[in-house]
Amino acid sequence: MNISSTLESTDKQIAAIVTAQKALHIEKGSKLEGTMKKKSLTQSSSASSPDQAKKRVKSADDSDQEAELIQDNQDLCQSDAQIQTLLTQQNEMKSSFQSISSAMTKMFEMLTGTSVSSSLGEDDEVADIFDLA
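In my numbering, the protein residues as written are 413 to 545.
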């Protein structure tokens, strides 16, 4: 069916996105960790030299990088939440599709007189909806 192939295709697309998200988490997490360690080492070493002004500039650059990494991390978290919402919606669609498919199969079986009629008891009556005469 077209719906099931669409659901299968979106499953694959979401899996690819989740894989990419995980890779980004690892990459951004390690960069953020490295920046935090670098910052703590810079703050703990108290050198009073003429290079201190350069260190302050580097520290400002590090702060900008850190802020950017934090923003990237927040963006990733928001993206994760959106992906989770998509997964939930897709699971609801799958469930709905399965219910509709099952109902249509039962209706088809009832109309064609296949397996549903075999479950009727001996005393059950079935109206012949095709007998108009």
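C-beta atoms are modelled at their ideal positions from N, C-alpha and C, and glycine is treated no differently.
Can you give the Cα-Cα distance for residue i and residue j, rounded to whole angstroms?
i    : j    : result
S514 : Q496 : 27 Å
D430 : M519 : Before going further, note that residue 430 is Val rather than Asp in the sequence given. Their backbone Cα atoms lie some 39 Å apart in a straight line.
A428 : L499 : 13 Å
L481 : I512 : 46 Å
Q494 : T422 : 15 Å
S417 : M522 : 27 Å
D474 : Q483 : 14 Å
E478 : C489 : 16 Å
G525 : I438 : 58 Å
I415 : A472 : 53 Å
M516 : D476 : 59 Å
When the distance is taken between beta carbons, is residue j closer than 8 Å to residue i?
i    : j    : result
N485 : K440 : yes
I426 : Q502 : yes
Q433 : D492 : yes
M505 : L419 : yes
Does any heavy atom of the ligand NAD sit closer than 7 Å to the C-beta of residue i?
i    : result
S514 : In the structure on display, the ligand NAD does not appear, and there are no ligands present to speak of.
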